Every structure is written in structure tokens, then in C-alpha cells.
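With numbering that gives the first Met the number 0 applied, the sequence shown covers 0 to 190.
Even glycine gets a Cβ: it sits at the ideal position worked out from N, Cα and C.
Since the model is a prediction, treat every value here as computed from it, not as a measurement.
What follows is a single structure, written as C-alpha cells, with notes after it.
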Amino acid sequence: MRSRDEPVRLTRIYTRGGDAGETSLGDGSRVSKLDCRIGAFGTVDELNSALGVVLAGEVPEAVRDALELVQNELFDVGADLSVPWGVTDRLRVEHSMIERLEELCDAFNAELPELKSFVLPGGTEAAARLHVARTICRRAERDALTADGEHGINPLLLTYLNRLSDFLFIAARAANAAAGRDEPLWKPGGG
Numbered sequence: 000m001r002s003r004d005e006p007v008r009l010t011r012i013y014t015r016g017g018d019a020g021e022t023s024l025g026d027g028s029r030v031s032k033l034d035c036r037i038g039a040f041g042t043v044d045e046l047n048s049a050l051g052v053v054l055a056g057e058v059p060e061a062v063r064d065a066l067e068l069v070q071n072e073l074f075d076v077g078a079d080l081s082v083p084w085g086v087t088d089r090l091r092v093e094h095s096m097i098e099r100l101e102e103l104c105d106a107f108n109a110e111l112p113e114l115k116s117f118v119l120p121g122g123t124e125a126a127a128r129l130h131v132a133r134t135i136c137r138r139a140e141r142d143a144l145t146a147d148g149e150h151g152i153n154p155l156l157l158t159y160l161n162r163l164s165d166f167l168f169i170a171a172r173a174a175n176a177a178a179g180r181d182e183p184l185w186k187p188g189g190g
């Protein structure tokens with residue numbers, strides 16, 4: 000029996016099960032690796048990896064703590080996407096996860112100056128990497144919308160990804176503010 004701290008036990012990484020271009024969903028059904036659900040949780044995995052790159056560098060501690068939570072939640076998002084909607088008793092994105100992101104958005108945003116222009120991606124290295132993660136999050140949201148249109152998915156998952164992209168934008172601003180760095184602002188017409 001595994002403890003909650005050991006949700007899976009991986010004794011072998013390769014299985015040869017995907018060599019012919021198919022993979023298993025979380026309910027055991029086999030689908031093409033080109034299935035839009037596989038694409039959606041692949042993009043969520045890419046997003047999680049981008050956050051790992053952010054966390055490998057210098058990041059304000061409050062942002063770090065929030066991103067470490069988000070990384071774990073993104074595994075929950077992937078688990079949700081991997082099991083066909085309607086299958087019960089599986090890990091799903093819940094409203095409390097969205098509420099937590101909204102609380103983070105509000106808390107970080109309260110410390111930032113009011114926006115008077117669009118912000119260009121950049122500033123500190125951490126902020127720039129957070130903006131890259133934000134754009135990957137937007138792609139994950141689009142991929143999840145495609146999966147929803149073709150198969151139906153948990154609607155809270157779509158809300159979570161939308162809110163997460165908002166949080167990553169705010170976190171990028173917070174990283175610049177914590178470093179005392181002015182945000183690069185859009186100048187229409189090039190300045």
C-alpha cells in the first residue's frame with residue numbers, strides 16, 4: 000500500500016507501449032499521440048517545465064512559494080486532462096484551486112503600481128521567463144479548449160488555466176518590482 004506522499008511508484012520509465020504512436024489515457028483507454036487531449040496535457044507539461052526554469056533562477060521568495068504550489072497543481076491539471084470527462088472518482092481541478100489563484104492575483108497585484116500602458120515581456124530574467132511561461136499557459140488554454148470541443152473536459156480546468164495566465168502576468172510584474180526594475184512599456188509606433 001502506498002502512502003499519500005507516494006502517489007505513484009515508477010520502477011521502469013520506458014514501457015514500449017507508445018512505440019506505435021499510441022498512448023494510454025488515465026482510464027486505460029488507448030488513443031493516438033496526436034489526440035488533442037494528449038496535446039493539451041503535453042502543453043501543460045511544457046508550462047510546468049518552463050516554471051521549473053523560472054524557479055532555477057533568482058525569484059522573489061513569495062513568487063517562488065506560489066510557483067511551487069502551481070507546479071504541483073499543474074500535475075493535477077494534467078491528471079484531469081488525461082481522464083475522459085465523466086469518469087468519476089478521479090483527480091479533478093476544483094473551484095478551490097481557482098479561488099487560491101485569484102487570492103494570489105489580488106495579493107500580488109495590490110502591491111504593484113497601476114498599469115498605464117501595456118507591458119512588454121522583459122525586465123529581469125525572472126520576469127522575462129515568467130512572461131514566456133504565461134504565453135505557454137495561453138497555448139495550454141487554447142489546446143484545452145480544442146480538447147473540450149472534441150471530447151468535453153472539466154470546465155473548471157479551462158477557468159484555472161485562464162486565471163493562471165493572469166497570475167503569471169502579475170508575478171512577472173512582481174518580480175520586476177521586487178528587483179526595483181522598471182517594466183518595459185509598450186510605446187505605440189515604436190516610441
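For the alpha helix (DSSP H) that Ser48 lies in, which residues bound it at each end? If you number the sequence shown from 1, residue 48 lands on position 49. That run of the alpha helix (DSSP H) goes Cys35 to Leu54.
In three-state terms, what does DSSP make of Leu73? Position 74 of the sequence shown holds residue 73. Residue state, collapsed to three classes: helix.
Out of Arg36, Glu101, Glu110 and Glu102, which one is the CA nearest neighbour of Gly249? Given that the chain is displayed from residue 0 to residue 190, the structure contains no residue 249 and the question cannot be resolved.
Glu102 and Ala176 closer than 8 angstroms at C-beta: In the sequence shown, the residue the question calls residue 102 occupies position 103. In the sequence shown, the residue the question calls residue 176 occupies position 177. Result no, Cβ atoms of Glu102 and Ala176 do not sit closer than 8 angstroms.
Arg180 versus Ala173 - alpha carbon distance: Looking up residue 180 in the sequence shown gives position 181. Looking up residue 173 in the sequence shown gives position 174. The straight-line gap separating the alpha-carbon atoms of Arg180 and Ala173 is approximately 10 angstroms.
Please report the residue range of the alpha helix (DSSP H) in which Val131 lies. Indexing the sequence shown from 1 puts residue 131 at position 132. Looking at the DSSP string, the run of the alpha helix (DSSP H) that includes Val131 is Glu124 to His150.
Under 8 angstroms, with one C-beta from each stretch per pair, do the stretch 119–139 and the stretch 83–94 reach the 3-pair mark? The stretch 119–139 makes no contact with the stretch 83–94; the number of CB pairs closer than 8 angstroms stays below 3.
Local conformation of Val118 per DSSP, three classes: For the purposes of this step, residue 118 is taken as the residue at position 119 of the sequence shown. It is a strand residue.
For the putative contact between Leu80 and Leu167, defined by C-beta atoms under 8 angstroms, what is the C-beta separation to the nearest angstrom? As a working note, residue 80 is residue 81 in the sequence shown. As a working note, residue 167 is residue 168 in the sequence shown. Actually they are not in contact, since the Cβ atoms of Leu80 and Leu167 sit about 19 angstroms apart, beyond 8 angstroms.
Does the Cβ-Cβ distance between Phe107 and Ile169 come in under 8 angstroms? Residue 107 sits at position 108 when you count from the first residue of the sequence shown. Residue 169 sits at position 170 when you count from the first residue of the sequence shown. Phe107 places its beta carbon less than 8 angstroms from that of Ile169.
Would you identify the three-state DSSP class for Leu167, choosing helix, strand or coil? Within the sequence shown, numbered from 1, the residue matching residue 167 stands at position 168. Looking at Leu167 - three-state DSSP - the assignment turns out to be helix.
Assuming Ala132 and Ala49 are in contact, meaning their beta carbons sit under 8 angstroms apart, how far apart are those beta carbons, in whole angstroms? One-based indexing of the sequence shown puts residue 132 at position 133. One-based indexing of the sequence shown puts residue 49 at position 50. With 8 angstroms as the limit, Ala132 and Ala49 qualify as a contact, their Cβ atoms being about 4 angstroms apart.
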